[in-house]
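To start, the structure under review is shown below, and the notes come after it.
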Amino acid sequence: MLHNLYIVDDDEAVRTSLCRLVSRQPDYSVRNYASGDAFLECFDKLEPGVVLLDFHMKGANGITVLHAIRALSQRFVVVMLTAHGAVHRSVDAMKAGAFDFIEKPYDCAALMMCLDLAFAELDRLGAETAGRNAAIARLALLSRRETEVLAGLATGHSNKQIAWALQISPRTVEIYRANLMEKLSARSLADVLKLVFVAEQAVAA
14 MLHNLYIVDD
24 DEAVRTSLCR
34 LVSRQPDYSV
44 RNYASGDAFL
54 ECFDKLEPGV
64 VLLDFHMKGA
74 NGITVLHAIR
84 ALSQRFVVVM
94 LTAHGAVHRS
104 VDAMKAGAFD
114 FIEKPYDCAA
124 LMMCLDLAFA
134 ELDRLGAETA
144 GRNAAIARLA
154 LLSRRETEVL
164 AGLATGHSNK
174 QIAWALQISP
184 RTVEIYRANL
194 MEKLSARSLA
204 DVLKLVFVAE
214 QAVAA
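Under this note's numbering, the first residue of the sequence shown is numbered 14, with each subsequent residue one higher.
Following this line, the structure appears as structure tokens:
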């Protein structure tokens, strides 16, 4: 599986060093950017990947870029590069949503281990997103009335309570309930509620 790594640093020597190090890995595809602004201009067109992002840059600094990534896309995992001893910057980066941080000058082995973990996190997020999209697609199969019945079930209401709220008979609620479970390929109400929970997580994200 190809690992897309995006290096964003305004220090050409650092970019060159990082590219040489990472390019030794057969499954890495590396692109580098000389500024945060240059990366932001095209990041929405890039494949999901890990961003190795310098904290202090001219123009859009690392935190600004990180905020932009977090606001517009969940397709990237960010590892921040900070100066040695800049603990406050590392804390700021983690609070802003960075996966981890690496201090300069970096240790090659530690950096590669960090990137391995970052790509594992990217894979986890990708699987999570796929699950959410699948849940949303399955719930979209329901009719308006089935969706209303499901909303009642999800809030813990009984068939009689749902019937009263929707001004239909309890028997009709039972029919809608059976139909929605069949459409969702659910064996139990617990399966249905799990699906609703996953879809709601997508909305929250």
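Using N, Cα and C, we set each Cβ at its ideal position, and we do this for glycine too.
So what's Asp129 in DSSP terms, helix, strand or just coil? Note: Asp129 maps to helix in three-state DSSP.
Which of helix, strand or coil does DSSP assign to Asp67? strand
Give me the Cβ distance between Leu18 and Tyr46, rounded to the nearest whole Å; I'm assuming they're in contact under 8 Å. That pair is no contact at about 12 Å.
In chain order, each beta strand (DSSP E) run of at least 3 residues that lies wholly inside the stretch 41–93: Fully enclosed beta strand (DSSP E) runs of no fewer than 3 residues occupy 41–46, 62–67 of the stretch 41–93, in order along the chain.
Which of the three DSSP states is assigned to Ile181 in this structure? coil
Going by DSSP, which residues form a beta bridge with Leu18? Leu18 is bridged to Val43, Val63.
Tell me which residue opens and which closes the alpha helix (DSSP H) that Gly165 is part of. 157–167 is the span of the alpha helix (DSSP H), which, as asked, contains Gly165.
Assumed close pair Met194, Val186 - CB separation to whole angstroms, cut-off 8 Å: Contact doesn't hold; Cβ gap of about 12 Å is too wide.
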